[in-house]
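One structure is given here, and the rest of the page talks about it.
Protein chains: 2
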Amino acid sequence: MRKLSSLIIAGGVSLTVAGCQPSQSPTAQGSVGSKKANVAASSYQGPTFEDDLNAAKVQLEAQMKLPITVPVPKDPGGGYTHEKHKQYATLIYNAGQIYKLTGEKQYADYAGKLMLAYAKVYPSWALHPAKKEQSPGRMFWQNLNESMWLLNAAQSYAAIKDTLTQEQRDLIETDLLRNMSDFLSDGSPETFNKVHNHGTWATAAVGLTGYAIGDDEYVQQALLGLDKSGDAGFLKQMDKLFSPDGYYNEGPYYQRFALMPFVIFAQEVQKNNPELKIFEKRDGILRKAIYTTIQQNYGGLFFPINDAIKEKGIKTRELVHGVAIAYDLTGDKGLLSIGKAQGRFMLTPESRKLSQDIVAGKGEPFNYRTMRLGDGEDGTEGALDIIRASEDPDDLVIVAKNTSQGLGHGHFDKMGILVYDAGYEILRDYAAARFLNVEAKYGGHYLPENNKFAKQTIAHNALVVDETSHFGGSTVLGNQHSPELGTFYVSDGLKITSAEISTAYDDVRMVRNVAMIDDPAFTRPVIIDVMTGHADTPHQYDLPFYYNGHIVDTNLDIEADTLIRKPLGTANGYQYLWKVGEADAGETSQITWLLDRSFYSVTTAVPENTKVLFAEIGANDPDFNLRNEPAFILRATTTNGARFVSVIEPHGDYNPTVEYTIGSHSQVADVKHFAGDSADYVRIETKTGAIVGLGIAKSMTEDQAHSVSVDGQDMVWTGPYKVFHSNGEP
Amino acid sequence: MRKLSSLIIAGGVSLTVAGCQPSQSPTAQGSVGSKKANVAASSYQGPTFEDDLNAAKVQLEAQMKLPITVPVPKDPGGGYTHEKHKQYATLIYNAGQIYKLTGEKQYADYAGKLMLAYAKVYPSWALHPAKKEQSPGRMFWQNLNESMWLLNAAQSYAAIKDTLTQEQRDLIETDLLRNMSDFLSDGSPETFNKVHNHGTWATAAVGLTGYAIGDDEYVQQALLGLDKSGDAGFLKQMDKLFSPDGYYNEGPYYQRFALMPFVIFAQEVQKNNPELKIFEKRDGILRKAIYTTIQQNYGGLFFPINDAIKEKGIKTRELVHGVAIAYDLTGDKGLLSIGKAQGRFMLTPESRKLSQDIVAGKGEPFNYRTMRLGDGEDGTEGALDIIRASEDPDDLVIVAKNTSQGLGHGHFDKMGILVYDAGYEILRDYAAARFLNVEAKYGGHYLPENNKFAKQTIAHNALVVDETSHFGGSTVLGNQHSPELGTFYVSDGLKITSAEISTAYDDVRMVRNVAMIDDPAFTRPVIIDVMTGHADTPHQYDLPFYYNGHIVDTNLDIEADTLIRKPLGTANGYQYLWKVGEADAGETSQITWLLDRSFYSVTTAVPENTKVLFAEIGANDPDFNLRNEPAFILRATTTNGARFVSVIEPHGDYNPTVEYTIGSHSQVADVKHFAGDSADYVRIETKTGAIVGLGIAKSMTEDQAHSVSVDGQDMVWTGPYKVFHSNGEP
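Protein sequences appear in the order of chains A and B. Going by my numbering, the first sequence runs without a break in its numbering and finishes at 767. Going by my numbering, the second sequence runs without a break in its numbering and finishes at 767.
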């Protein structure tokens with residue numbers, strides 16, 4: 038961050054009247070941390086592996102005093118028998134791991150006892166009384182949970198089997214592990230052979246069992262599918278479920294979940310069949326998948342695209358496992374700062390090593406990067422584009438969702454954007470409408486408003502044509518199309534991505550260019566967002582900005598709905614938005630809001646007769662299911678397409694503690710768009726008269742020359758993009 | 038916190054299916070910190086005095102290279118000349134302090150140069166062109182700022198005068214320090230002699246000047262008033278402005294501001310006139326005032342009663358000074374954890390010592406306490422009652438505002454309450470409607486909505502009769518009355534306060550009892566709130582709960598305003614509330630909300646025909662000046678008074694990271710009130726059939742016996758209060 042003002046003086050020491058202080062980067066709750074926190078300290082005092090090991094011991098010992106009561110399966114997810122079986126799985130796993138780590142036999146005994154108790158009853162269990170139609174289990178309502186249970190038990194059995202008698206081993210192997218593995222493999226081919234994340238759980242569980250009991254048949258089926266042809270199974274899933282860049286097409290929230298069986302099983306494959314070089318397959322796809330999951334977080338939480346639960350992030354157990362395994366594989370000291378931010382550890386040797394190296398102060402900042410993550414099996418179905426102002430995880434970030442639909446959990450926000458800064462969401466995504474595990478809220482399931490609002494285009498920072506969602510809100514149609522990508526370009530002063538799609542609407546081709554520019558005319562990097570709908574028929578274009586904060590300034594004359602509020606529309610998500618106010622935009626709309634200690638302005642050159650609508654989520658919501666978040670929506674009605682050219686600008690510093698505010702006004706005086714034959718040009722004029730320009734070619738050819746006439750001056754460049762800095766530097 | 042459930046198992050180590058984890062107390066941003074943070078670590082790595090000293094040096098050195106340009110006074114607060122003079126004051130102060138601390142003469146030279154530059158021009162300045170009528174300044178628009186400027190300069194002069202020539206000293210003393218002191222004392226008697234916080238600043242500045250230049254006349258005037266009679270001046274202000282408990286009647290936001298000149302000047306008095314024993318006066322009133330300021334914070338931020346800016350807290354410079362001085366006086370190691378949470382230091386020997394002892398790991402947890410802070414000069418004008426569940430600063434806290442009006446910045450919320458938990462506001466106060474220093478928002482001044490909404494009773498968790506504010510919204514009337522206090526009682530299982538007032542409304546006497554009860558029937562302490570309006574004429578009673586979070590459950594059948602919203606009323610603040618929904622309460626209303634990882638339920642036994650209104654702040658707000666926060670309001674219309682008996686209950690644990698939720702439902706099955714002749718009795722029945730009772734006598738006499746018949750059983754006790762625990766223990 039550049040110096041904000043010459044009026045800023047001594048830090049922390051201003052006495053009474055001249056209370057100016059340099060900006061200190063605020064860090065949001067749960068954040069990965071500021072630069073300072075991101076650098077491992079030499080005398081670490083946070084939680085360690087030993088803490089978690091001791092906590093697990095204490096809790097196991099409490100359980101070991103109680104009788105073992107394996108209940109007959111009865112309840113669906115969340116019910117008593119469901120939770121009890123989950124609890125026992127963790128106890129079995131923990132006890133086995135602790136024995137492996139410490140050699141203390143009481144834990145092995147307890148794990149054995151638990152497995153014997155299950156072996157006694159499991160064979161008698163038919164399908165679960167509350168079974169799910171598609172994928173029934175026996176212990177649980179769905180076999181996904183059964184796979185997870187076995188994944189735990191198999192690892193524990195491997196750890197403790199040497200402590201058992203032959204008779205005990207026979208009982209556990211025959212009546213529990215093989216019985217369950219057979220049910221999950223031959224007994225559930227529709228799951229086991231499916232290239233899908235439930236299949237990964239099933240094959241990993243069965244494969245781990247194979248290693249644990251020494252039966253290679255299970256291992257081969259797990260790796261290659263039931264018929265061992267390789268058309269299904271774990272290796273196939275490694276080929277199909279991640280893109281070559283390690284992106285998972287449902288997004289990071291699901292990627293994190295999918296990751297778990299991959300890394301756990303692959304680790305055992307590596308130990309038992311090192312000749313398979315499993316971690317080198319597809320150019321190290323599993324390692325890449327762990328890294329991309331980390332890259333897709335801000336403030337410790339995953340980018341909440343699609344049906345994500347916003348609270349999920351790097352502290353989830355899947356990624357705690359993943360980071361430890363990746364550190365074991367790579368020795369990358371940047372992972373130590375992620376491990377430190379996670380602050381919890383698994384009962385594994387890898388996690389112990391990670392903790393030891395954190396304590397030893399070996400950590401380095403994680404290498405957060407600006408990156409394009411290609412989507413799709415071959416990386417050809419769009420991309421998630423992440424643009425970061427710097428390696429500081431709390432610095433300005435844009436996420437451009439130029440991805441494919443993302444299957445059933447995908448949202449209809451082609452080329453939508455999210456913006457983060459100073460540890461916060463600045464332009465936010467609603468994510469899923471769901472209160473996970475909160476029974477009173479629709480049993481903890483996705484709420485009806487998830488499909489009706491959260492998935493709809495209007496719930497996102499994405500262009501909506503004629504108040505309908507992309508692909509008419511059809512997932513089937515959405516899954517068939519992905520954006521065509523323009524060049525992803527990264528240099529010191531300019532980071533930019535482009536994408537377009539002509540299939541989301543029948544006769545509107547949408548193009549979005551999103552750039553981050555670092556120029557001396559601004560105290561901080563700014564974002565230039567050019568959203569264009571190309572059409573030659575009449576349409577209405579809505580471009581929402583779900584801003585996070587409190588509006589403090591605008592150039593608009595807003596007519597607010599102060600005495601009566603009504604919904605903004607009647608369908609496609611619009612019925613969930615209250616109309617709060619309305620304004621005519623003139624040529625340029627400028628809105629400034631305050632969030633914590635920073636100001637943010639969006640200054641947009643708009644089509645003629647554009648209106649700005651102010652909205653708040655929460656209409657048609659009788660059960661208070663939705664969060665009441667605000668937005669403003671740029672609305673143009675034209676016969677020949679529409680273009681919104683926005684500068685999204687973080688600025689200023691609001692410091693209530695020492696009572697000063699600087700830079701509360703946008704620096705942008707004017708934004709203008711100029712069209713050339715082969716290219717477009719965006720000109721920003723600041724209030725001090727500085728001019729910053731951005732050239733964007735229509736063709737992405739590297740060596741093509743372009744010229745755009747800007748108020749009589751020809752702006753000339755070669756290649757897809759060109760920033761024209763205010764100081765004339767290249 | 039008690040164990041929440043036997044299903045909870047190993048921490049941080051659960052692998053996949055049994056993802057239960059013990060609750061970790063979340064810590065809000067800016068919080069004083071969890072128990073862990075509150076205990077000083079042995080190897081501290083946070084900011085130190087040296088960091089701030091070095092930062093101040095760096096910034097001073099940058100300024101020392103620039104020419105000194107003292108501008109002619111012109112702009113009001115926030116304008117260039119205003120800010121420039123403030124800046125120079127800090128530079129003068131810092132340079133002087135650094136010289137004193139380090140002996141590096143370049144800083145003394147710079148401080149001297151700056152003061153000489155001011156001495157050259159100050160005598161020529163008449164009253165400020167933008168002067169405020171009541172209290173004009175010359176350098177600034179009001180003399181308050183001038184006092185602050187002199188307070189800085191006087192301290193610096195004392196530090197550096199030995200480095201100056203006699204000629205330089207004469208110039209600075211005559212043309213700057215004396216000239217300014219004369220203006221602020223004899224020249225501004227209406228401020229200097231007033232028993233008011235502006236008077237404290239003026240007397241402190243003039244008194245410090247007296248010590249700095251060795252003129253006892255200034256010191257005596259400062260201490261005793263212009264005529265040295267003692268009817269005015271600093272000592273009088275010490276007698277008048279704080280209550281005997283060290284409470285300041287405008288509330289902690291203003292207390293913090295008022296504190297500064299008291300502690301700075303008192304320190305010099307102590308050094309120069311130790312015989313005055315200034316820090317022992319009034320039973321150590323200044324030390325008490327520092328401590329009560331600290332006690333009045335949650336999560337590092339002051340209880341935002343009255344016209345408070347919510348972001349202000351313990352990190353403000355006034356309290357950074359105050360804590361260092363208090364530590365110097367008392368050696369209380371609990372202050373080190375406050376200093377650590379402040380994370381910034383002043384350029385004083387006291388602050389340096391504090392920092393050194395933090396670094397040396399001498400800190401202990403600060404002694405946060407349940408306490409009654411009597412209000413008024415004699416402590417007889419009500420009280421601020423603070424009830425804490427434990428010493429953990431992030432634990433459950435109730436603030437009962439049983440204080441006096443608090444002068445012009447007071448809000449009309451007699452006996453309103455605030456509730457905090459887990460680092461957050463749970464039942465919140467709107468505080469001031471103001472964007473401090475944000476020029477675009479009404480010049481940074483109090484917004485019109487401050488008087489029209491934020492001060493009104495309906496903006497608070499306080500009882501509103503007939504949709505009018507307490508005292509008809511008249512500050513003059515409000516200042517004449519304060520609540521009568523009942524006994525403040527603190528024991529292990531019961532902490533309780535009572536208060537009543539019969540002057541806020543013509544013919545309604547309001548009584549509120551607020552208790553915190555710790556009983557085995559609940560996993561955590563719960564709050565019992567009995568709000569009664571006694572009347573024998575028809576009235577409407579509204580009791581708002583400004584809950585913070587998302588409603589997840591209720592026993593009410595809510596008719597939501599899903600298609601149209603209108604304001605709840607037309608006057609006294611009601612016009613700023615949207616009506617969001619409405620329900621009939623039956624006998625008991627129960628509403629549960631979720632905030633971060635905890636659930637909160639309010640279960641209320643209500644009068645017949647009570648309605649529950651759901652509301653959101655933001656109607657009639659064309660400029661988006663208000664925060665859109667939700668509330669529910671219990672509304673009873675009766676002819677003979679109304680009583681709302683609420684259980685406010687923190688419960689459960691929502692953990693999205695490891696995907697479990699426990700205790701999301703209230704434990705309260707029923708709440709009933711029973712009236713006896715001399716006392717009332719509240720009975721809570723939990724869903725597991727446990728019964729907890731609370732007896733509250735009408736008279737607060739210690740030895741009076743009471744009996745209330747509860748469903749045929751006589752509940753008997755002696756004294757004002759009695760909790761009847763579910764396990765029969767006393």
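Glycine is no exception: its CB is placed at the ideal position from the N, C-alpha and C atoms.
Residue environment, residue 65/A, which counts as buried when at least 16 other CB atoms sit within 10 Å: Note on residue 65/A: pLDDT 33, under 50, position unreliable in the model; the coordinate value appears next. Residue 65/A sits buried, since 16 or more C-beta atoms from the chains shown fall within 10 Å of its C-beta.
Residues near residue 60/B in its chain [Cβ-Cβ closer than 6 Å; skip 5 each side]: For residue 60/B, the predicted structure reports a pLDDT of 32, less than 50, and the residue's modelled location is therefore unreliable. A value from the coordinates is still provided. Same-chain partners within the cutoff: 690.
Under 7 Å between C-beta atoms of residue 768/B and residue 437/B: Given that chain B is displayed from residue 38 to residue 767, the structure contains no residue 768/B and the question cannot be resolved.
Contact set between the region 175-188 of chain B and chain A, restricted to residues whose Cβ is under 8 Å from the partner: Cβ contacts with chain A: 182, 185, 186 and 188.
Segment contact, 8 Å Cβ cut-off, at least three pairs: the region 683-699 of chain B with the region 635-648 of chain B: Yes, they touch.
Same chain only: Cβ atoms within 6 Å of residue 753/B, ignoring 5 sequence neighbours per side: Taking C-beta separations shorter than 6 Å and ignoring five residues to either side along the sequence, the partners of residue 753/B in its chain run 744, following chain order.
Distance between residue 502/A and residue 647/A (C-alpha atoms, nearest Å): Each residue's Cα considered, the two are about 14 Å apart.
Beta-carbon proximity list for residue 604/B, same chain, < 8 Å, skipping 5 on both sides: Scanning its chain for C-beta atoms nearer than 8 Å, with the 5 sequence neighbours on each side dropped, one finds around residue 604/B the residues 611, 612, 613, 614, 615, 616, 656 and 657, in chain order.
Partner residues on chain A for residue 615/B, Cβ-Cβ distance less than 8 Å: Neighbours of residue 615/B on chain A, chain order: 602.
Residues that residue 665/A contacts on chain B, provided the C-beta gap is smaller than 8 Å: 653, 665 and 667, listed in chain order.
Minimum Cβ-Cβ distance from residue 590/B to chain A less than 7 Å: Yes - at least one Cβ of chain A is within 7 Å of the one on residue 590/B.
Selected residue, minimal CA-CA separation from residue 566/B, among 514/B, 454/B and 163/B: Proximity to residue 566/B across 514/B, 454/B and 163/B peaks at 454/B, based on C-alpha coordinates.
Contact with chain A by residue 60/B, beta-carbon distance below 7 Å: Confidence in residue 60/B is poor, its pLDDT being 32 and thus under 50, which makes the residue's placement unreliable; the coordinate value appears in the next sentence. Not one beta carbon of chain A lies nearer than 7 Å to the beta carbon of residue 60/B.
Closest Cα partner of residue 525/B within the set 500/B, 95/B, 553/B and 472/B: Looking at the Cα atoms, 553/B is the closest of the given residues.
Cutoff 7 Å: residue 107/A Cβ touching any chain B Cβ: No, its Cβ sits nowhere closer than 7 Å to a Cβ of chain B.
Contact residues within the region 563-590 of chain A, judged by C-beta distance below 8 Å to chain B: Those would be 587, 588, 589 and 590, in chain order.
Pairwise C-alpha distance: residue 369/A and residue 348/A: Answer to the nearest angstrom: the Cα atoms are 27 Å apart.
Partners in chain A for residue 657/B, counting only beta-carbon separations shorter than 8 Å: Those are 599 and 600, listed as they occur along chain A.
The region 178-185 of chain A in contact with the region 130-146 of chain A per 3-pair CB rule at 8 Å: No, the region 178-185 of chain A does not touch the region 130-146 of chain A.
CB contact check: residue 593/A to chain B, cutoff 7 Å: Residue 593/A does not count as touching chain B.
Any C-beta of chain A under 7 Å from that of residue 474/B: For residue 474/B, the answer is yes, since a Cβ of chain A falls inside 7 Å of its Cβ.
Within chain B, the residues that residue 477/A reaches when beta carbons sit closer than 8 Å: What residue 477/A touches in chain B, judged by beta-carbon distance under 8 Å, is 589, 590, 629, 701 and 702, going in chain order.
Buried versus exposed, by CB contacts within 10 Å (16 or more), residue 676/A: By the Cβ neighbour-count rule, residue 676/A is exposed, with fewer than 16 other Cβ atoms within 10 Å of its own.
Residue burial classification, residue 161/A (beta-carbon count within 10 angstroms, cutoff 16): Flag for residue 161/A reads exposed.
Under 7 Å (Cβ pairs) to chain B, residues found in the region 336-351 of chain A: For the region 336-351 of chain A, which is checked against every Cβ of chain B, the residues closer than 7 Å are 346, 348 and 349.
Contact list for residue 319/A against chain B, beta-carbon separation under 8 Å: Those do not exist, as residue 319/A stays about 24 Å from chain B at its closest Cβ, beyond 8 Å.
Residue environment, residue 757/A, which counts as buried when at least 16 other CB atoms sit within 10 Å: Buried, by the Cβ-count rule.
Contact set for residue 76/B: own chain, Cβ-Cβ below 8 Å, skip 5 residues either direction: With a pLDDT of only 40 at residue 76/B, under 50, the local geometry of the prediction cannot be trusted, and the value read off the model is given with reservation. Residues 374, 400, 401 and 402 of the same chain have their beta carbon placed closer than 8 Å to that of residue 76/B, with the five preceding and five following residues left out of the count.
As assigned by DSSP and simplified to three states, the class of residue 632/B: Residue state, collapsed to three classes: strand.
Residue 415/A beta carbon less than 7 Å from that of residue 440/A: With respect to residue 415/A, residue 440/A sits apart: the two C-beta atoms are not nearer than 7 Å.
Boundaries of the beta strand (DSSP E) in which residue 320/B is found, first to last residue: Counting along the chain, residue 320/B sits inside no beta strand (DSSP E); it lies in the alpha helix (DSSP H) bounded by residues 318-332.
Assumed close pair residue 362/A, residue 300/A - CB separation to whole angstroms, cut-off 8 Å: So it is a contact: roughly 5 Å between Cβ atoms.
7 Å Cβ cutoff, residue 69/A in contact with chain B: Note that residue 69/A scores 35 on pLDDT, short of 50, meaning its location in the model is unreliable and no value can be drawn from it.
Nearest to residue 154/B (by Cα), restricted to the options 680/B, 144/B, 127/B and 209/B: Answer by Cα proximity: 209/B.
For residue 442/A, the nearest candidate out of 541/A, 580/A and 97/A (CA to CA): When only C-alpha atoms are compared, the closest one is 541/A.
DSSP beta-bridge partners of residue 648/B: Per DSSP, 621/B and 672/B.
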